[in-house]
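Enquirer: To start, I am sharing the structure in question, which I have written as structure tokens.
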Amino acid sequence: MPFALRMLLILPALTGWVAADLPRKAPLTKYSGLWMNSPFTSKPPPAEAGPEANPLKDYALAGVSPISGGYRVTLLNKKKPGERITVDSDKPSGGFKILAVTRKPGEPLGTVVRMSSGSVTDSVAFDESLLTLTPPPAAAPQPNLPPGVQPQPVPQQPGQPPQRQPRPRVVPPPTPPTPQARPQQQPGQPVLPTARPDRRNLR
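Here you go:
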């Protein structure tokens, strides 16, 4: 085979091989994610919402009474015992709603009320530590007063100096006379006649 004919047959093969090895320009879409999703320009993902607060944890039962159409529940704030909320079965109050009332026979303090506040649902029960009444402090005893005598308070007029508490007068009951004991008679002694009153002076 002549040399020229061989070159004509080999030249197309060489041309295809060289063309296959030439580098090609990458499309622009290949690197679009670098400038569209850059950590310096992208906003951080929103923080996950934590658990919703449960306002029912701050309340305890102060009373449960049946009414027409359901129950009336009185809630007592554990942190502020003076704050109370009254909720009826057909009338929510303070964002609280009665769902169910479970009574325990023979044990009034065992009553449990199922309530809801927004999307939170929980049970509320009695707390005996909040229901215990603290007795008032005993008044200091006043001097010069016998035992068992209560001092009488005197109302004080505004603008006047405080008045002194008068000392109450306590009269003791009269003491009955002590009967005189008769001398005991010794055995063997004669019996002495008892003196009789003289009736002549009584006429």
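First residue of the sequence shown? That's 21 in the numbering used here, and the numbers climb one at a time after it. C-beta atoms are modelled at their ideal positions from N, C-alpha and C, and glycine is treated no differently. Quick caveat, the model's predicted, so the values are computed rather than measured.
So the alpha helix (DSSP H) serine 149 belongs to, where does it begin and stop?
Expert: On the sequence shown, position 129 is the one that residue 149 refers to. Serine 149 -> alpha helix (DSSP H) spans 148-151.
Enquirer: To which residues does DSSP link lysine 117 through a beta bridge?
Expert: In the sequence shown, residue 117 corresponds to position 97, counting from 1. Per DSSP, Ser136.
Enquirer: Determine whether the beta carbon atoms of valine 121 and arginine 134 lie at a separation below 9 Å.
Expert: The residue you call residue 121 lines up with position 101 of the sequence shown. The residue you call residue 134 lines up with position 114 of the sequence shown. Yes, the pair counts as a contact, with Cβ atoms nearer than the cut-off.
Enquirer: Whose C-beta lies closer than 8 Å to the C-beta of asparagine 74 among residues of the same chain, with five residues either side of it excluded?
Expert: Working through the sequence shown from its first residue, we reach residue 74 at position 54. These residues qualify, in order along the chain: Ser137, Val140 and Asp142.
Enquirer: Could you please give the first and the last residue of the uninterrupted beta strand (DSSP E) stretch that includes glycine 83?
Expert: On the sequence shown, residue 83 is found 63 positions in, with the first residue counted as 1. First-last of the beta strand (DSSP E) with glycine 83: 79-87.
Enquirer: Decide if tyrosine 79 is buried, meaning its Cβ has at least 16 other Cβ atoms within 10 Å, or exposed.
Expert: On the sequence shown, position 59 is the one that residue 79 refers to. Tyrosine 79 should be labelled buried.
Enquirer: So what's arginine 104 in DSSP terms, helix, strand or just coil?
Expert: Here residue 104 refers to the residue found at position 84 of the sequence shown. The answer is strand: DSSP assigns arginine 104 an E or B state.
Enquirer: DSSP beta-bridge partners for glycine 90?
Expert: Here the question's residue 90 lines up with position 70 in the sequence shown. Beta-bridge pairing links glycine 90 to Ile87.
Enquirer: Lysine 124 to proline 65, Cα distance in whole Å?
Expert: Along the sequence shown, read from residue 1 onward, the residue named residue 124 stands at position 104. Along the sequence shown, read from residue 1 onward, the residue named residue 65 stands at position 45. The alpha-carbon atoms of lysine 124 and proline 65 are separated by roughly 50 Å.
Enquirer: For threonine 131, which residues in the same chain have their Cβ closer than 8 Å to its Cβ, ignoring the five residues on either side in sequence?
Expert: For the purposes of this step, residue 131 is taken as residue 111 along the sequence shown, with counting starting at 1. For threonine 131, where only same-chain residues beyond five positions count, the Cβ hits under 8 Å are Leu81, Val84, Val121, Thr122, Arg123, Lys124, Ala145 and Phe146.
Enquirer: How many angstroms separate the CA atom of leucine 76 from the CA atom of leucine 96?
Expert: The count along the sequence shown starts at 1 and reaches residue 76 at position 56. The count along the sequence shown starts at 1 and reaches residue 96 at position 76. If I take the Cα positions, the gap works out to 10 Å.
Enquirer: Anyone know if the C-beta pair for lysine 98 and valine 107 falls short of 9 Å?
Expert: Looking up residue 98 in the sequence shown gives position 78. Looking up residue 107 in the sequence shown gives position 87. Result no, Cβ atoms of lysine 98 and valine 107 do not sit closer than 9 Å.
Enquirer: When you compare only the Cα positions, how much space is there between glutamine 185 and serine 149?
Expert: Taking the first residue of the sequence shown as 1, we reach residue 185 at position 165. Taking the first residue of the sequence shown as 1, we reach residue 149 at position 129. Only weak support is given to the placement of glutamine 185: the predicted model assigns it a pLDDT of 49, under 50, and the value that follows is read from those uncertain coordinates. Rounded to the nearest angstrom, the two C-alpha atoms are 39 Å apart.
Enquirer: Pop quiz: serine 109 and glycine 90 are said to be a contact at Cβ under 8 Å. What is the actual Cβ separation, rounded to whole angstroms?
Expert: What you label residue 109 is simply residue 89 of the sequence shown in a count that begins at 1. What you label residue 90 is simply residue 70 of the sequence shown in a count that begins at 1. Their Cβ separation, rounded to whole angstroms, is 2 Å, which keeps serine 109 and glycine 90 in contact under 8 Å.
Enquirer: Would you tell me roughly how many angstroms separate the C-alpha atoms of methionine 56 and proline 71, rounded to the nearest one?
Expert: Taking the sequence shown and counting its residues from 1, one reaches residue 56 at position 36. Taking the sequence shown and counting its residues from 1, one reaches residue 71 at position 51. About 33 Å.
Enquirer: By Cβ distance below 8 Å, which residues in the same chain neighbour isoleucine 87 in space, the five residues on each side in sequence not counted?
Expert: Here the question's residue 87 lines up with position 67 in the sequence shown. Excluding positions up to five away in sequence, the list reads Asp108 and Ser109.
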